[in-house]
Amino acid sequence: MCYRVTELQWNFATNLTEPNKKRMVDAQGLQTKLERVSWQKAITFSWSLLGDPQAVRQFRLIAAKGRPALPEHRLAELQKIIQEMKDIYNKAKVCPYLPSMSPYCDLSLEPDLTRTMAHSRSFEEQLHAWRSWRDAVGPKVKEKFFRYVDLANEAAKLMGYRDAGEQERALYGVVDLESQVSEVWTSAAPLYRQLHAFVRSRLRKHYAPHRISPTAPIPAHLLGNMWAQNWKNILDLVLPFPGKRRADVTPEMLRQGYTPHRMVQTADEFFTSLGLKPMPVEFWLKSLIERPPDRPVACKASAWDFCNRRDYRIKQCIEVTMEDLLTLHHEMTHIEYYLQYADQPHLFRDGANPAFHEAISDAIGLSVITPRHMHRIGLLNNITDDYETDINFLMEMALDRIAYLPFAYIVDQWRWKVFAEGGLRNSVNSAWWELRVWHQGLIPPVARSENDFDPGAKYHIIADQPYIRYFIGLVLQFQIHEALCRVAGHIGTLHTCDIYRSREAGRLLSEIMSAGNSRPWPEILRMATRGATDKLDARPLLEYFKPLSLWLRVANRDEMIGWVTTDQDTGMTNFLNIIKIVISNNIKYFLPFLNLRENKTYSNV
Ligand code: X8Z
Ligand code: ZN
Numbered sequence: 020m021c022y023r024v025t026e027l028q029w030n031f032a033t034n035l036t037e038p039n040k041k042r043m044v045d046a047q048g049l050q051t052k053l054e055r056v057s058w059q060k061a062i063t064f065s066w067s068l069l070g071d072p073q074a075v076r077q078f079r080l081i082a083a084k085g086r087p088a089l090p091e092h093r094l095a096e097l098q099k100i101i102q103e104m105k106d107i108y109n110k111a112k113v114c115p116y117l118p119s120m121s122p123y124c125d126l127s128l129e130p131d132l133t134r135t136m137a138h139s140r141s142f143e144e145q146l147h148a149w150r151s152w153r154d155a156v157g158p159k160v161k162e163k164f165f166r167y168v169d170l171a172n173e174a175a176k177l178m179g180y181r182d183a184g185e186q187e188r189a190l191y192g193v194v195d196l197e198s199q200v201s202e203v204w205t206s207a208a209p210l211y212r213q214l215h216a217f218v219r220s221r222l223r224k225h226y227a228p229h230r231i232s233p234t235a236p237i238p239a240h241l242l243g244n245m246w247a248q249n250w251k252n253i254l255d256l257v258l259p260f261p262g263k264r265r266a267d268v269t270p271e272m273l274r275q276g277y278t279p280h281r282m283v284q285t286a287d288e289f290f291t292s293l294g295l296k297p298m299p300v301e302f303w304l305k306s307l308i309e310r311p312p313d314r315p316v317a318c319k320a321s322a323w324d325f326c327n328r329r330d331y332r333i334k335q336c337i338e339v340t341m342e343d344l345l346t347l348h349h350e351m352t353h354i355e356y357y358l359q360y361a362d363q364p365h366l367f368r369d370g371a372n373p374a375f376h377e378a379i380s381d382a383i384g385l386s387v388i389t390p391r392h393m394h395r396i397g398l399l400n401n402i403t404d405d406y407e408t409d410i411n412f413l414m415e416m417a418l419d420r421i422a423y424l425p426f427a428y429i430v431d432q433w434r435w436k437v438f439a440e441g442g443l444r445n446s447v448n449s450a451w452w453e454l455r456v457w458h459q460g461l462i463p464p465v466a467r468s469e470n471d472f473d474p475g476a477k478y479h480i481i482a483d484q485p486y487i488r489y490f491i492g493l494v495l496q497f498q499i500h501e502a503l504c505r506v507a508g509h510i511g512t513l514h515t516c517d518i519y520r521s522r523e524a525g526r527l528l529s530e531i532m533s534a535g536n537s538r539p540w541p542e543i544l545r546m547a548t549r550g551a552t553d554k555l556d557a558r559p560l561l562e563y564f565k566p567l568s569l570w571l572r573v574a575n576r577d578e579m580i581g582w583v584t585t586d587q588d589t590g591m592t593n594f595l596n597i598i599k600i601v602i603s604n605n606i607k608y609f610l611p612f613l614n615l616r617e618n619k620t621y622s623n624v
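Counting in our numbering, the sequence shown runs from 20 upward without gaps.
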């Protein structure tokens, strides 16, 4: 069944036609039926008494996964509602900023608005994209979303959980998931706030200072990304040492005549250099690595396991660029993971927890992106390892990874609250902004109300895709990177480590990956860290960014670290009697607030 469904999903993704879509949807319907029958059999059988712990683990997976307990018509309604929300999201179109740009209102998120958010440096133009995207999606999905919450909660309750949030957390099989996650965020937040203060000061220089207060959260539309989740697109505005930017090896790749196929060979050689498995024959024969000229395909990069232990493919419309070379290593690490756990029973052919796949792929990325690695594979002539280039490199990494942390954290904080409170119908948007202000230090650039539904403008929320995995993956990747670098015998700072050609690192990776989901992930993490820990830990991430963090403290000496907000900033009316003061190195910034605003709540000062 898995093979059949995957094959039809592949056929559709690589040739987007209506007949292909229908074949895929029909097969998925059959798969849902099979899952229901399996679940019904599993729950009527006293598997917990079986002597074989591996069998018990497999039964537990069947009993806990998905929503098979929901009656057939309700499940169909739930799937239909999710599909309708996705359709609204995927088909949403907005008008151009200036009518003179085009008379048609046909701009879509990809690529138009994404490009505007990334490259426009006009306050008003970005605001237009930010607001119109939310207007085009939020209100239209809102009522459907509440119905979705009801049905997802009903399914969760029938499966023995308090609500759908608890069901999502149960996938991790640890009771203290929420506290592990919040402790990690608490440890990493001071670094985030340093980055935030520095970026705010640079944005004030670029945009007129009256637009951005030095003590307030940053307007959410100026960070180069529709959700302000990743700030790497504004590197040009915040580069610490202009003129010392990390080398982009794209021109060198072009000069050497790289092709997509040669890029795949390069990434394949990365794995064999570690003593890991080469990509199999089917991978080379059947992967899609270039955009076909003759048919519409979903070009988003992905890695596929066809469940038959033979057929593995990637789909990526590769362009000869450094960025695509990195993405390719990421996708091919997923394939390597599939190959490593191929001998496990079907139910264990998965990451050790829902974050592991991404964590390992990104951990490999931390090696591949180093100038040292680019030098070793012949794409960089000499490594400039002066201090300024190093800080620039870490700033770029921080805009990508540190800026993302609070966003990756709040999405499910919000969703779990909504599930727990049965929809949070009267304050669903202000609950979102409360988290955005508090953790990310962002404010909406225009007044919001409960008529808006801003979380609905993020795909994973309306598409029923869990998000805490991205937060956990982000933290785990540094734990794994550190463990690999240690066994590889790396000497020096963590951000310069490249595990290429280390058989020891390869052996450790193989140990981690070949277990698949057959054992609890804390055990695998303990093994990976050679006994050091079985918990999420922000220490390796902080270690990686240490030089930047020291640099930021000096660069920010005249800045307020943190933010203060009032109702005027947010425009929301539900949480106005809270002033958020996050943290400061300079108490002078707070004195006016402390004097003027009595009877308010202060936290984290
Ligand atoms: O959804 C994704 C991937 C697919 S797993 C493209 N990401 C998150 C997002 O877009 O919000 C990757 C980064 C985080
Ligand atoms: Zn991935």
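Think of the CB as a built atom: it goes at the ideal place given N, C-alpha and C, for glycine as much as any other residue.
Which runs of the alpha helix (DSSP H) at least 4 residues long sit entirely within the region 196-235? Give them in chain order. Whole alpha helix (DSSP H) segments, 4+ residues: 196-225.
Please identify the residue among D195, N109, E144, R140 whose C-alpha is closest to the C-alpha of P118.
Residue numbering aside, residue 118 sits at position 99 when the sequence shown is read from its first letter. Of all alpha-carbon atoms in D195, N109, E144, R140, the one lying nearest the alpha-carbon of P118 is that of E144.
**Study point:** Three-way DSSP call (helix, strand, coil) for W323 in this model
**Key:** Within the sequence shown, residue 323 is the residue found at index 304, counting from 1. DSSP places W323 in strand when its eight states are reduced to three.
Exercise. Is T584 helix, strand or coil when you go by DSSP?
Worked result: Within the sequence shown, residue 584 is the residue found at index 565, counting from 1. DSSP, read as helix, strand or coil, puts T584 in strand.
- prompt: Should the region 448-455 be regarded as contacting the region 189-208, the criterion being three or more beta carbon pairs within less than 8 Å?
  reply: Below 8 Å, too few C-beta pairs join the region 448-455 and the region 189-208 to call them touching: fewer than three.
query: So which of A476, A439, L424, Y428 has the shortest CA-CA distance to N448?
result: Residue numbering aside, residue 448 sits at position 429 when the sequence shown is read from its first letter. Check the Cα spacing between N448 and each of A476, A439, L424, Y428: the tightest is with A476.
**Message:** Whole angstroms are fine: how far does the CA of F31 sit from the CA of N39?
**Reply:** What you label residue 39 is simply residue 20 of the sequence shown in a count that begins at 1. What you label residue 31 is simply residue 12 of the sequence shown in a count that begins at 1. Roughly 5 Å separates the two Cα atoms.
| request: Please write down, chain order preserved, every residue whose beta carbon lies under 6 Å from a heavy atom of the ligand ZN. | output: One residue list follows from the rule of a beta carbon closer than 6 Å to any heavy atom of the ligand ZN, given in chain order as H349, H353, E377, S380.
Worksheet item: Taking the alpha-carbon positions, what's the M20 to K52 distance?
Response: Translated into positions along the sequence shown, residue 20 becomes position 1. Translated into positions along the sequence shown, residue 52 becomes position 33. Their backbone Cα atoms lie some 11 Å apart in a straight line.
### Query
Quick one: is the Cβ of G428 within less than 6 Å of any heavy atom of the ligand X8Z?
Here the question's residue 428 lines up with position 409 in the sequence shown. Here residue 428 is Tyr; the residue named in the question, Gly, does not match the sequence. Flag unset: Cβ of Y428 not near the ligand X8Z.
message = I'd like to confirm something about Y357: is its beta-carbon nearer than 6 Å to some heavy atom of the ligand X8Z, or not?
response = Within the sequence shown, the letter at position 338 stands for residue 357. Every heavy atom of the ligand X8Z is 6 Å or more from the Cβ of Y357, so no.
- Would the region 500-518 and the region 379-387 be scored as touching if the rule is three or more Cβ pairs under 8 Å? The region 500-518 vs the region 379-387: in contact.
Check your understanding: Do you know offhand how far M104's Cα is from S139's?
Key -> Translated into positions along the sequence shown, residue 104 becomes position 85. Translated into positions along the sequence shown, residue 139 becomes position 120. As the crow flies, the alpha-carbon of M104 is around 29 Å from that of S139.
Around the Cβ of S521, are there at least 16 other Cβ atoms within 10 angstroms (buried) or fewer (exposed)?
-> Numbered from its first residue, the sequence shown carries residue 521 at position 502. Under a 10 Å Cβ-count criterion, S521 is classified as buried, with 16 or more other Cβ atoms of the shown protein chains found around its own Cβ.
- Query: Where are the alpha helix (DSSP H) runs, 4 residues long or more, that stay fully inside the region 107-142, in chain order?
  - Reply: Listed in chain order, the complete alpha helix (DSSP H) runs (minimum 4 residues) inside the region 107-142 are 133-138.
- prompt: For the region 319-387, which segments carrying the alpha helix (DSSP H) assignment without a break, of at least 4 residues, lie completely within its bounds, in sequence order?
  reply: Whole alpha helix (DSSP H) segments, 4+ residues: 341-359, 375-387.
Would M532 and Y356 qualify as a contact pair, given that the criterion is a beta-carbon distance under 7 Å?
As a first step, residue 532 is located in the sequence shown; it is residue number 513 there, counting from the start. As a first step, residue 356 is located in the sequence shown; it is residue number 337 there, counting from the start. Yes; because the gap between Cβ atoms is below 7 Å, this pair is in contact.
- Task: Go through its chain and collect everything with a Cβ distance to L69's Cβ below 7 Å, but skip five positions before and after it.
- Result: Stepping through the sequence shown from its first residue, residue 69 is reached at position 50. Within the same chain, V75 come within 7 Å of L69 by CB-CB distance, once the 5 residues on both sides are set aside.
Please report the straight-line C-alpha distance between Q363 and S537, rounded to a whole angstrom. Numbered from its first residue, the sequence shown carries residue 363 at position 344. Numbered from its first residue, the sequence shown carries residue 537 at position 518. Taking the straight line from one Cα to the other gives about 8 Å.
(request) Could you pull the start and end residues of the alpha helix (DSSP H) that S537 belongs to? (result) For this step, residue 537 is matched to residue 518 along the sequence shown. First-last for S537: undefined, no H or E at that position.
Name the two residues that bound the continuous alpha helix (DSSP H) containing D409.
Numbered from its first residue, the sequence shown carries residue 409 at position 390. For D409, the enclosing alpha helix (DSSP H) begins and ends at 406-420.
Segments assigned alpha helix (DSSP H), at least 4 residues, entirely inside the region 32-87: Whole alpha helix (DSSP H) segments, 4+ residues: 37-62, 72-83.
**Q.** Residue environment, K334, which counts as buried when at least 16 other CB atoms sit within 10 Å
**A.** Here residue 334 corresponds to residue number 315 of the sequence shown, with the count starting at 1. Its Cβ being crowded by 16 or more others within 10 Å, K334 is buried.
Considering only residues of the same chain and omitting the five flanking positions on each side of A216, which have a CB-CB separation below 6 Å? The sequence position of residue 216 within the sequence shown is 197, counting from 1. If you ignore the 5 residues before and after A216, its C-beta comes within less than 6 Å of the C-beta of N575, E578, I580, all in its own chain and listed in chain order.
query: Do Y489 and the ligand X8Z come close, with the Cβ less than 6 Å from some heavy atom?
result: If you number the sequence shown from 1, residue 489 lands on position 470. Yes.
* Which two residues bound the contiguous alpha helix (DSSP H) that contains S449? -> As a first step, residue 449 must be located in the sequence shown, where it is residue number 430. In the DSSP assignment, S449 falls within the unbroken alpha helix (DSSP H) covering 447-454.
Given that a residue counts as buried once 16 or more other Cβ atoms are within 10 Å of its Cβ, and exposed if not, what is Y406?
-> Within the sequence shown, residue 406 is the residue found at index 387, counting from 1. Exposed is the call here.
Reference D409; option with closest CA among V44, A82, R391, P238
By 1-based counting over the sequence shown, the position of residue 409 is 390. A check of alpha carbon separations from D409 across V44, A82, R391, P238 identifies R391 as the nearest.
message: For M414, tell me which candidate among D324, P259, N109 has the shortest Cα-Cα distance.
response: Start at 1 with the first residue of the sequence shown, and residue 414 comes out as number 395. Restricting attention to D324, P259, N109, the CA atom closest to the CA of M414 is found in P259.
Quick check on this structure: which residue in Y211, W29, D131, T25 has the alpha carbon closest to the alpha carbon of S568? For this step, residue 568 is matched to residue 549 along the sequence shown. Of Y211, W29, D131, T25, the residue nearest in Cα terms is Y211.
- Task: Report the rounded CA-to-CA distance for F375 versus D419, giving the unit in angstroms.
- Result: Position 356 of the sequence shown, counted from the first residue, corresponds to residue 375. Position 400 of the sequence shown, counted from the first residue, corresponds to residue 419. As the crow flies, the alpha-carbon of F375 is around 19 Å from that of D419.
Exercise. What number of angstroms, rounded off, separates the C-alpha of A235 from the C-alpha of P228?
Worked result: Against the sequence shown, residue 235 aligns to sequence position 216. Against the sequence shown, residue 228 aligns to sequence position 209. Computed Cα separation, rounded: 12 Å.
If we count Cβ pairs, one from each stretch, closer than 8 Å, do we get three or more for the region 160-168 versus the region 92-101?
Flag = yes, the region 160-168 and the region 92-101 touch.
message = So, with DSSP's three-state summary, where would you put L561?
response = Counting from 1 along the sequence shown, the entry for residue 561 is found at position 542. Three-state DSSP puts L561 in a helix.
Within 10 angstroms of its Cβ, does L555 collect 16 or more other Cβ (buried), or is it exposed?
-> To locate residue 555, count along the sequence shown from 1; it is residue 536. With 16 or more Cβ atoms within 10 Å of its Cβ, L555 is classed as buried.
The alpha helix (DSSP H) spanning K436 covers which residue range? Reading the sequence shown from its first residue, position 417 is the one you call residue 436. Counting along the chain, the alpha helix (DSSP H) containing K436 begins and ends at 423-439.
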